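Residue numbers (the numbering used here), protein chains in the order written: chain A, 1 to 275; chain B, 276 to 524; chain C, 525 to 773.
All C-beta atoms in this analysis are idealised placements derived from N, C-alpha and C, irrespective of residue type, glycine included.
Since the structure is predicted, the reported quantities are computational estimates derived from the model, not experimental observations.
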Amino acid sequence: MSDDFQENLDFEAADNAAEEGESLVLDIDGYEGPLHLLLELARKQKVDLARISILELAEQYIAFIKTAQDLRIELAADYLVMASWLAYLKSRLIIPKDGPEEQLPEADELAAHLAFRLQRLEAMRRAASGLFRLPQEGQAVFKRGMPEGLRSRTTPLWGAEIFDILEAYGTSRSRSLIKNHKLPRPLVLSLEGARTRLKRAIMGLASDSEDWTSLDSLLPTKNEFEEDIPVSSIKASSLLASLELTKEGHMELRQSGAFTPIFVRGADRKVDKET
Amino acid sequence: MSEDRVEKAAEGIESSVVSLTARLQSAPEGEAIEADLRLLEALLFAAVEPIDTQTLRERLPEDADVGALLARLARDYSGRGVNLVRVADRWRFQTAIDLEPHLVDIKEAPRKLSKAALETLAIIAYHQPVTRAEIEDVRGVAVSKGTIDVLMELGWARLRGRRRTPGRPVTYGTTEAFLAHFNLEDISDLPGRDDLKAAGLLDPRLPKDFEMPEPMMPDALTNEEDPLEDEDDPNFFEDFLEEDDGDRA
Amino acid sequence: MSEDRVEKAAEGIESSVVSLTARLQSAPEGEAIEADLRLLEALLFAAVEPIDTQTLRERLPEDADVGALLARLARDYSGRGVNLVRVADRWRFQTAIDLEPHLVDIKEAPRKLSKAALETLAIIAYHQPVTRAEIEDVRGVAVSKGTIDVLMELGWARLRGRRRTPGRPVTYGTTEAFLAHFNLEDISDLPGRDDLKAAGLLDPRLPKDFEMPEPMMPDALTNEEDPLEDEDDPNFFEDFLEEDDGDRA
Chain A
1 MSDDFQENLD FEAADNAAEE GESLVLDIDG YEGPLHLLLE LARKQKVDLA RISILELAEQ
61 YIAFIKTAQD LRIELAADYL VMASWLAYLK SRLIIPKDGP EEQLPEADEL AAHLAFRLQR
121 LEAMRRAASG LFRLPQEGQA VFKRGMPEGL RSRTTPLWGA EIFDILEAYG TSRSRSLIKN
181 HKLPRPLVLS LEGARTRLKR AIMGLASDSE DWTSLDSLLP TKNEFEEDIP VSSIKASSLL
241 ASLELTKEGH MELRQSGAFT PIFVRGADRK VDKET
Chain B
276 MSEDRVEKAA EGIESSVVSL TARLQSAPEG EAIEADLRLL EALLFAAVEP IDTQTLRERL
336 PEDADVGALL ARLARDYSGR GVNLVRVADR WRFQTAIDLE PHLVDIKEAP RKLSKAALET
396 LAIIAYHQPV TRAEIEDVRG VAVSKGTIDV LMELGWARLR GRRRTPGRPV TYGTTEAFLA
456 HFNLEDISDL PGRDDLKAAG LLDPRLPKDF EMPEPMMPDA LTNEEDPLED EDDPNFFEDF
516 LEEDDGDRA
Chain C
525 MSEDRVEKAA EGIESSVVSL TARLQSAPEG EAIEADLRLL EALLFAAVEP IDTQTLRERL
585 PEDADVGALL ARLARDYSGR GVNLVRVADR WRFQTAIDLE PHLVDIKEAP RKLSKAALET
645 LAIIAYHQPV TRAEIEDVRG VAVSKGTIDV LMELGWARLR GRRRTPGRPV TYGTTEAFLA
705 HFNLEDISDL PGRDDLKAAG LLDPRLPKDF EMPEPMMPDA LTNEEDPLED EDDPNFFEDF
765 LEEDDGDRA
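Take a look at the structure:
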């Protein structure tokens, strides 16, 4: 696994590519950033990371970047920033220390810092590889394949307050009485029905008869219907129908006084009008 | 810097990896079992489905007597918390059947009753003795068996008897536990129509002639009720007798 | 170090087992302990995840000495094909490590993590709690959201909290599943952690005078112009102040 980290430093390939006139072979993407590139370069020095020569490293880095630029590879800005910073560091390291610039950070310290960062990154890489050499679940050791599982069942501890019950009762009663109040189909003789019946009954009377017939005798009997239609409804609808028929001139209607029986007769014959 | 700290740390990493791995390599303190048996055990343990003998044979050394090993392993595990069982010609480990209930951890969590249960309970309280059909009639909605069951399980509702009508439906009523839970001395302590109205719990649009029963909980059966003869449920029968006795006492 | 701990633990196990074995000899208590062992075994076999001692204690009879029972069970299984091990401060059964070569058929495809993800995982594990800016500082490069997302999806990394610094950046850490996956008892078991720490290689930030201009990702460079947003990145903020000081001097 640690070998993975050392791949991709393909100077040779880059050189070959340059000779052949091909650009863009240098795999700068192999390094995630300038620090990774520096780390690979440091490894190439084949000495302890603690003893790397920052000067040499800076030169190699700058040379590498230059090669990349010659190959017209698009370099991320941070590679260039690092290059210029290293160039600066290099100049500071070469120039004698004494002078008026004492406020500036010591070049040695900056170099040590860079070395530390490289060491820290290298350490993390080693740690990662160590981690993955541990016995892993599903690789070196295996968990039970068919665990039944430990279930946790929560049984509800049902609770309610007296208020809940009262409220529920109120809601339930109100709902059933108000919302669910369906009107029963009214048990009535419709006006339409009464009219048809009465017209037929009038026609049934002797056409030449001038006799008055009591309306009540023409009414349908209760047995005529499947349902129990109340007599009052039959009477009311029939009376209304008789008034309509009279108005239309199909029959005549007579009542001698309030609450006295009502009499009818056909009006298809020419008869004197009386009402 | 005299020594490369990275190298030193790397050595530390290396020795940790070794010691951590070694930790898992527990030397057998008890009796060591034969290698084939160990492998069989591991295979069956890690398998995601029951394995047939043929597959086991393929995965074990050629000379292994799989049948004998399986028998041995099954014997080793018989009586333990985990057993090696054979299901339809395949083998698998499973936790001992008698321990199954212990694998379920039952926790109690307070929960509010559903609206349906509350309404049903309220109707039983006010209208008892009441049949399911009557409850449905008052609610205007069907009442699922589960709803009444919940109330019975809670010990708040109970079967009282059977209504003396065609079909002899069961009648429901409330229990002493119901009174106790709701801090009622007597069922007649439940507020009546005017109280409910005053409290705004009854819809003001209810018709003037709206009636609601005075809640009563006659311990003895009413004239309209027959005793339950639910031999199906002996417990209940006993309860019923007991209560009856109590009455007489 | 972990080796000492292992040794200490081994001693503890030994004494627990000895005392338990003695008690097993006495008949009535012996039976109870056998029953507890069976249940413990079943619980550990049935569990999908490693179980902690507390949970086991809750599921076993009140008077059961869970520590001793675990020690006994671990010993019973040492040398078998399946071992009882402790990971992430919890217990679980798993196949014996030396059987690995024989279990290749059931091996899962190894998780191919990118180099970035590997490094990020190590940094999170060893430096936790760690902010994204700190991860980036170690790697010297921007860490894409996707990289951390991969680790979170694997269930290895998690959000821990927020750092009490300007911008209150989120901190990351590892999960118990991470420990369990790598067979670690706890974070201090991370390979070479002590050595890395001793070598100062786990220091999240450097002494002030060690600051150097950060060759950071282009995003951060453009941000340089806006000091308010620089607060997101404590390093940058400090740099900025320092440069300012230098100018004045």
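Against chain B, the beta carbon of Asp-719 (chain C) has neighbours under 9 Å at Arg-280, Lys-283, Ala-284, Ala-285, Glu-286, Gly-287, Ile-288, Ser-290, Ser-291, listed in chain order. Chain B places no beta carbon closer than 7 Å to that of Ala-649 (chain C), leaving this residue out of the contacts. Within chain C, the residues placing a beta-carbon under 8 Å from that of Glu-316 (chain B) are Arg-604, Gly-605, Val-606, ordered along the chain. Rounded to the nearest whole angstrom, the C-alpha separation of His-456 (chain B) and Glu-161 (chain A) is 9 Å. Classified as buried, Val-418 (chain B) has 16 or more neighbouring CB atoms from the shown chains inside 10 Å of its CB. The beta carbon of Leu-150 (chain A) sits closer than 7 Å to some beta carbon of chain C. When secondary structure is reduced to three states using DSSP, Ala-474 (chain B) falls in the coil class, being assigned neither helix nor strand. With a 10 Å radius around the Cβ and a threshold of 16 neighbouring Cβ atoms, Asn-498 (chain B) comes out exposed.
The beta carbon of Gly-716 (chain C) falls within 7 Å of a beta carbon belonging to chain B, placing the residue at that interface. Taken in chain order, the members of the stretch 369-383 of chain B whose beta-carbon sits within less than 9 Å of a beta-carbon on chain A are Gln-369, Thr-370, Glu-375, Leu-378, Val-379, Asp-380, Ile-381, Lys-382, Glu-383. Trp-615 (chain C) is bridged by DSSP to C:Ile-575, C:Arg-610. Each of C:Ala-612, C:Glu-658, C:Leu-726, C:Glu-573 was checked against the Cα of Arg-687 (chain C), and the nearest Cα belongs to C:Glu-658.
At a cut-off of 7 Å between beta-carbon atoms, Met-124 (chain A) makes contact with chain C.
Under the three-state reduction of DSSP, Asp-461 (chain B) is assigned to coil, being neither helix nor strand. Rounded to whole angstroms, the Cβ separation of Ala-267 (chain A) and His-250 (chain A) is 6 Å, and the two are in contact under 8 Å. Per DSSP, Ala-77 (chain A) lies in no beta strand (DSSP E); the unbroken alpha helix (DSSP H) holding it starts and ends at 77-94. Of B:Thr-395, B:Leu-434, B:Ile-381, the smallest CA-CA separation from Arg-173 (chain A) is found for B:Thr-395. Rounded to the nearest angstrom, the Cβ distance from Thr-171 (chain A) to Ile-381 (chain B) is 33 Å, too far for a contact under 8 Å. Pro-479 (chain B) is not bridged by DSSP to any residue. Leu-335 (chain B): not part of any beta strand (DSSP E); DSSP gives it neither H nor E.
The DSSP-derived three-state label of Gln-255 (chain A) is strand. The beta carbon of Val-662 (chain C) sits closer than 7 Å to some beta carbon of chain A. Taken through DSSP and simplified to helix, strand or coil, Ile-262 (chain A) comes out as strand. Looking at the DSSP output, Glu-137 (chain A) sits in a beta bridge with A:Val-141. Annotation: Cβ neighbours of Thr-296 (chain B) in chain C (cutoff 9 Å, chain order): Ile-621, Asn-707.
In the three-state reduction of the DSSP assignment, Val-418 (chain B) falls in the coil class, being assigned neither a helical nor a strand state.
The residues Ile-234, Ser-237, Ser-238, Leu-240, Ala-241, in chain order, have a CB closer than 8 Å to that of Ala-194 (chain A) in the same chain once the five nearest residues on each side in sequence are set aside. Look at Leu-348 (chain B): its C-beta is not under 7 Å from any C-beta on chain C. Contact residues of the stretch 128-146 of chain A toward chain C are Ala-128, Gly-130, Leu-131, Leu-134, Pro-135, Gln-136, Glu-137, Gly-138, Gln-139, Ala-140, Val-141, Phe-142, Lys-143, Arg-144 (C-beta to C-beta distance below 7 Å).
According to the DSSP assignment, Ala-123 (chain A) belongs to no beta strand (DSSP E) but to the alpha helix (DSSP H) extending over 107-131.
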